[in-house]
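**Student:** Letter 384 of the sequence shown, counting from 1, is numbered 384 in UniProt numbering, and no numbers are missing.
Once you've had a glance at the structure underneath, I'll fire off some questions.
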Amino acid sequence: MDEIQENKRELYRRNEQIIRRYEENEAKVKEAAENIRRNFESSKTSIGPANELLRFFYILEQQSLSDTNDIRRKTRADLEEYINQFRQDEEEEEEEEEEEEEESNDDDQPSVDVSQPVPITSSNVSLPTIASTSAQLPVTIPIVPSQVPTVISTQQASPMNRAYLSPVTAPDCIRPSTLDVYEAILVEVKQYEAQYESIPKERERQLAQPTRDILNKLREDTFNKLEEDLFKYLNGQKYSVSNQDIAIGNSAERFLCYKRLTELILSQLLGGDLNDVKARILLPLIDHISRHPQHKEFRTIFLDGLHKKCPYTVPLYPKPLSATNDAEYLKAMGYTEKMENRLPRLETETEFLNRMSGLIRLFWKLAAKKIPPFDKDLSFGWQWCSDVLNLPPRPNLTVLLLRVFLDEAGELMMEAYSKQFLKLVKTIEANLTRLGANSNPSDVARLETAIQKVLQLNK
Numbered sequence: 001m002d003e004i005q006e007n008k009r010e011l012y013r014r015n016e017q018i019i020r021r022y023e024e025n026e027a028k029v030k031e032a033a034e035n036i037r038r039n040f041e042s043s044k045t046s047i048g049p050a051n052e053l054l055r056f057f058y059i060l061e062q063q064s065l066s067d068t069n070d071i072r073r074k075t076r077a078d079l080e081e082y083i084n085q086f087r088q089d090e091e092e093e094e095e096e097e098e099e100e101e102e103e104s105n106d107d108d109q110p111s112v113d114v115s116q117p118v119p120i121t122s123s124n125v126s127l128p129t130i131a132s133t134s135a136q137l138p139v140t141i142p143i144v145p146s147q148v149p150t151v152i153s154t155q156q157a158s159p160m161n162r163a164y165l166s167p168v169t170a171p172d173c174i175r176p177s178t179l180d181v182y183e184a185i186l187v188e189v190k191q192y193e194a195q196y197e198s199i200p201k202e203r204e205r206q207l208a209q210p211t212r213d214i215l216n217k218l219r220e221d222t223f224n225k226l227e228e229d230l231f232k233y234l235n236g237q238k239y240s241v242s243n244q245d246i247a248i249g250n251s252a253e254r255f256l257c258y259k260r261l262t263e264l265i266l267s268q269l270l271g272g273d274l275n276d277v278k279a280r281i282l283l284p285l286i287d288h289i290s291r292h293p294q295h296k297e298f299r300t301i302f303l304d305g306l307h308k309k310c311p312y313t314v315p316l317y318p319k320p321l322s323a324t325n326d327a328e329y330l331k332a333m334g335y336t337e338k339m340e341n342r343l344p345r346l347e348t349e350t351e352f353l354n355r356m357s358g359l360i361r362l363f364w365k366l367a368a369k370k371i372p373p374f375d376k377d378l379s380f381g382w383q384w385c386s387d388v389l390n391l392p393p394r395p396n397l398t399v400l401l402l403r404v405f406l407d408e409a410g411e412l413m414m415e416a417y418s419k420q421f422l423k424l425v426k427t428i429e430a431n432l433t434r435l436g437a438n439s440n441p442s443d444v445a446r447l448e449t450a451i452q453k454v455l456q457l458n459k
């Protein structure tokens, strides 16, 4: 016990040192910036356009640091619109390309062919067909089936002309085809948020009380009765909490309740991985609400909440920005704060990976049981796995994602795609050293065990 307390104190001291060093560095940076600002203000001389340009960029940088994310997105959109005024149209670009081709044809210099390494893509393994049918999968495999309503117009702007809601857009963080599907979910959820964001905080807390009361009492032996109470409440009937009758009054309040319900369901996994008891309660509840025709919006709101808690279900890897400190980056990755001795601390990597395992496992159990919006087929599973293999491997995370995927969906994928999925699993096995680079050897070994388990299904 004393050793545990000593370890906690040592960890606390180490965190204090990190915070102190960070604050000292921040103070030095601010002092240096203030000195630069004073020098600029005191110096009335100019050494020409270069000096004025530096002054301009400094002002822009200081302004950017104080801007909110919404202002930055709007500024980016305005800047792109301004730049596009000076872009050449397609005809001019084609003429220039033709001129360049003619010049290259006239050039007698031989070209140098630089061979590029072939990435792991779904094209390297022949695109599978469902074993039970002869129909071919589409060339572009959607991650989310068509049950999730599409809200982006078919006449989409080019990537240069649009401001994304996704926190990252870089191809080494999220695949372009996946970004489009994820963006559609974010746009739809944004529409729901616009309806309920004007609800007063006091009313928000009041509406959350019935769902919290029901979820707290939910057990296997009370499931049917409490699920019935939940549906009555979501359908607008009164629910009594602390001698107070509460009822949903409109669609905006119902959307807000979907969000609170999602948060309460996902909070059940704060303690770690998804066990059988939680699965027997949570999966039927999510299934019944998602399939109900009056509550179809819950599908997208729940999926968005799951993606935000665990971006690797997209899959999406957060990217550190120049202005992002270590704590902010860890929170973007999905780390949460915990209270210890009445002091907040970020969870450890072990706690984080254990919780991510539960969220990913929930995601794939929903898919394996074909719970909406995953009730069409497993084609998105092929795309998801291909994305994970193509994105640069992340220590411990990549092997965790693939292991849980094979544990929960490996058998179903093998039944659906047979030999084609077998080739994909063998591709994972062949690239295990690269995928597990800088990862815990025990986690790599667990992934290898999951691979062998799937390969045994073919024998």
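By construction, the Cβ of each residue, glycine as well, lies at the ideal position given by its N, Cα and C atoms.
These figures come from a predicted structure and were not determined experimentally.
1) Sort out for me which residues DSSP pairs Y239 with in a bridge.
2) May I ask you to verify whether the stretch 291-307 touches the stretch 376-389, counting CB pairs closer than 8 Å and requiring at least 3?
3) Report yes or no: do the stretch 299-306 and the stretch 227-247 share at least 3 C-beta pairs separated by less than 8 Å?
4) From which residue to which residue does the beta strand (DSSP E) around R361 run?
5) Going by other Cβ atoms of all chains shown within 10 Å of its Cβ, with 16 needed for buried, is R21 buried or exposed?
6) Taking 7 Å as the cut-off, is the beta-carbon of N224 closer than that to any non-hydrogen atom of the ligand ATP?
7) So, under 8 Å CB-CB, K190 and L165 are touching, yes? Tell me the CB distance rounded to an integer number of Å.
8) Could you pull out every residue in the same chain whose Cβ sits closer than 8 Å to the Cβ of Q237, ignoring the five residues on either side in sequence?
9) How close, in whole Å, do the beta carbons of L346 and E337 come, if the pair is a contact with beta carbons under 8 Å?
10) For Y182, collect the residues of the same chain with a Cβ closer than 8 Å to its Cβ; drop the 5 residues on either side in sequence, then sort them by chain order.
11) Would you report the Cα separation of M414 and L424, rounded to the nearest angstrom?
12) According to the neighbour-count rule (16 or more other Cβ atoms, all chains shown, within 10 Å of its Cβ), is K365 buried or exposed?
13) Measuring alpha carbon to alpha carbon, tell me which residue in L218, D229 and R254 is nearest Q195.
14) Expressed to the nearest angstrom, what Euclidean distance is found between the alpha-carbon atoms of S158 and I185?
15) For T262, collect the residues of the same chain with a Cβ closer than 7 Å to its Cβ; drop the 5 residues on either side in sequence, then sort them by chain order.
16) Would you list the one or two residues that DSSP bridges to P344?
17) Report the CB separation of N354 from P395 in whole angstroms; it is logged as a contact under 8 Å.
18) Assuming V399 contacts V444 (C-beta within less than 8 Å), just tell me the rounded distance between them.
19) In its own chain, which residues sit with a C-beta less than 7 Å from the C-beta of P128, not counting the 5 before and 5 after it?
20) Is the Cβ of L264 closer than 8 Å to any Cβ of chain B?
21) If I measure Cβ to Cβ from T222 and keep anything under 8 Å in the same chain, skipping five residues before and after, which residues do I get?
22) My guess is that C385 and M356 are in contact by the Cβ rule of under 8 Å, so how many angstroms apart are they, rounded?
23) Just verifying my parser: in three-state terms, what is the DSSP assignment at I143?
24) Since I199 contacts L256 with CB under 8 Å, what's their CB separation in whole angstroms?
25) For a test of the three-state rule: what should DSSP assign to D172, helix, strand or coil?
26) With a threshold of 8 Å on Cβ separation, who are the neighbours of K278 within its own chain once the five nearest residues in sequence on each side are excluded?
27) Checking 8 Å against the spacing of the C-beta atoms, do L457 and I428 come in under that value?
28) By alpha-carbon positions, which one of G334, N440, Y312 and E351 ends up nearest to L391?
29) Going by beta carbon distance, what residues of the same chain come within less than 7 Å of L412, once the five residues before and after it are set aside?
30) In the structure shown, what three-state DSSP assignment does E220 receive?
31) Below 7 Å CB to CB, which residues in the same chain sit around Q209 once its five sequence neighbours on both sides are set aside?
32) Is it right to say P320 is buried, meaning 16 or more other beta carbons lie within 10 angstroms of its own, or is it exposed?
33) Roughly how many angstroms lie between the CA atoms of P284 and F405, to the nearest whole one?
34) Taking the beta carbon of G334 as the centre, do at least 16 other beta carbons fall within 10 Å, making it buried, or is it exposed?
35) G249: which of V168, Q206 and L264 sits nearest, CA to CA?
**Tutor:** To lay it out plainly:
1) As a first step, residue 239 is located in the sequence shown; it is residue number 239 there, counting from the start. Bridge partners of Y239: I246.
2) Touching, no, given that fewer than three Cβ pairs across the two stretches are closer than 8 Å.
3) Using a C-beta cut-off of 8 Å, the stretch 299-306 makes no contact with the stretch 227-247, since fewer than three inter-stretch Cβ pairs fall below that distance.
4) Against the sequence shown, residue 361 aligns to sequence position 361. For R361, there is no enclosing beta strand (DSSP E); the residue is found in the alpha helix (DSSP H) stretching over E349 to A368.
5) Indexing the sequence shown from 1 puts residue 21 at position 21. With fewer than 16 other Cβ atoms within 10 Å, it is exposed.
6) Inclusion of the ligand ATP in the displayed structure is not the case, the ligand content being empty and no account of it being possible.
7) Your numbering for residue 190 matches position 190 in the sequence shown. Your numbering for residue 165 matches position 165 in the sequence shown. Sure, about 6 Å apart at Cβ, within 8 Å.
8) For this step, residue 237 is matched to residue 237 along the sequence shown. Within the same chain, Cβ atoms closer than 8 Å to the Cβ of Q237 are found at A247, the five residues on either side in sequence being excluded.
9) Walking along the sequence shown from the start, residue 346 turns up at place 346. Walking along the sequence shown from the start, residue 337 turns up at place 337. Beta-carbon to beta-carbon, L346 and E337 are separated by about 6 Å, close enough to satisfy the 8 Å threshold.
10) Locating residue 182 in the sequence shown gives position 182, where the first residue counts as 1. Excluding the 5 residues flanking it on each side, Y182 has same chain C-beta neighbours closer than 8 Å at I143, S166, I174, H307, V314 and L316, in chain order.
11) Translated into the one-based positions of the sequence shown, residue 414 becomes position 414. Translated into the one-based positions of the sequence shown, residue 424 becomes position 424. Near 10 Å, if we compare the C-alpha coordinates of L424 and M414.
12) Locating residue 365 in the sequence shown gives position 365, where the first residue counts as 1. That one is buried.
13) By one-based count along the sequence shown, residue 195 stands at place 195. Relative to Q195, the option among L218, D229 and R254 whose CA is nearest is R254.
14) Along the sequence shown, one-based indexing puts residue 158 at 158. Along the sequence shown, one-based indexing puts residue 185 at 185. For S158, the predicted structure reports a pLDDT of 41, less than 50, and the residue's modelled location is therefore unreliable. A value from the coordinates is still provided. In a straight line, the C-alpha of S158 is about 18 Å away from that of I185.
15) Taking the first residue of the sequence shown as 1, we reach residue 262 at position 262. Counting only residues of its own chain and dropping the five nearest sequence neighbours on each side, T262 has a CB closer than 7 Å to the CB of I301, F302 and G305.
16) Counted from its first residue, the sequence shown places residue 344 at position 344. Answer by DSSP bridge pairing, in chain order: M339.
17) If you number the sequence shown from 1, residue 354 lands on position 354. If you number the sequence shown from 1, residue 395 lands on position 395. Wrong, their Cβ atoms sit about 16 Å apart, outside the cutoff.
18) By one-based count along the sequence shown, residue 399 stands at place 399. By one-based count along the sequence shown, residue 444 stands at place 444. The C-beta distance from V399 to V444 rounds to 6 Å, short enough to fall under 8 Å.
19) For this step, residue 128 is matched to residue 128 along the sequence shown. Note that P128 scores a pLDDT of 38, beneath 50, so its modelled location is shaky and nothing firm can be said.
20) Note that chain B does not occur in the displayed structure, where there is just one protein chain.
21) Counting from 1 along the sequence shown, the entry for residue 222 is found at position 222. Excluding sequence neighbours, T222 sits near nothing in its chain.
22) Within the sequence shown, numbered from 1, the residue matching residue 385 stands at position 385. Within the sequence shown, numbered from 1, the residue matching residue 356 stands at position 356. That belief does not hold up - the Cβ atoms of C385 and M356 are roughly 17 Å apart, past 8 Å.
23) In the sequence shown, counting from the first residue as 1, residue 143 sits at position 143. Low confidence applies here, because I143 scores a pLDDT of 33, under 50, leaving its location unreliable; read the following figure in that light. Of the three classes helix, strand and coil, the one that applies to I143 here is coil, per DSSP.
24) As a working note, residue 199 is residue 199 in the sequence shown. As a working note, residue 256 is residue 256 in the sequence shown. Indeed, because the Cβ distance is near 6 Å, the residues count as touching under 8 Å.
25) Within the sequence shown, residue 172 is the residue found at index 172, counting from 1. Coil.
26) Residue numbering aside, residue 278 sits at position 278 when the sequence shown is read from its first letter. When the five nearest sequence neighbours on each side are left out, the beta carbons in the same chain lying within less than 8 Å of the beta carbon of K278 are those of Q268 and L269, in order along the chain.
27) By one-based count along the sequence shown, residue 457 stands at place 457. By one-based count along the sequence shown, residue 428 stands at place 428. Taking 8 Å as the Cβ cut-off, L457 and I428 do not qualify as a contacting pair.
28) Taking the sequence shown and counting its residues from 1, one reaches residue 391 at position 391. Closest by C-alpha distance to L391, out of G334, N440, Y312 and E351, is Y312.
29) Here residue 412 refers to the residue found at position 412 of the sequence shown. Counting only Cβ-Cβ distances below 7 Å, and skipping sequence neighbours, we find A368 and L378.
30) Mapped onto the sequence shown, residue 220 falls at position 220. In the three-state reduction of the DSSP assignment, E220 falls in the coil class, being assigned neither a helical nor a strand state.
31) Here residue 209 is taken as the residue at index 209 of the sequence shown, counted from 1. Taking C-beta separations shorter than 7 Å and ignoring five residues to either side along the sequence, the partners of Q209 in its chain run V241 and I246, following chain order.
32) Numbered from its first residue, the sequence shown carries residue 320 at position 320. Classification for P320: exposed.
33) To locate residue 284, count along the sequence shown from 1; it is residue 284. To locate residue 405, count along the sequence shown from 1; it is residue 405. Rounded to the nearest angstrom, the two C-alpha atoms are 20 Å apart.
34) What you label residue 334 is simply residue 334 of the sequence shown in a count that begins at 1. Of the residues assessed, G334 falls on the buried side of the cut-off, its CB having 16 or more other CB atoms within 10 angstroms.
35) As a position in the sequence shown, residue 249 is number 249, starting the count at 1. Out of V168, Q206 and L264, the CA that lies nearest to the CA of G249 is found in Q206.
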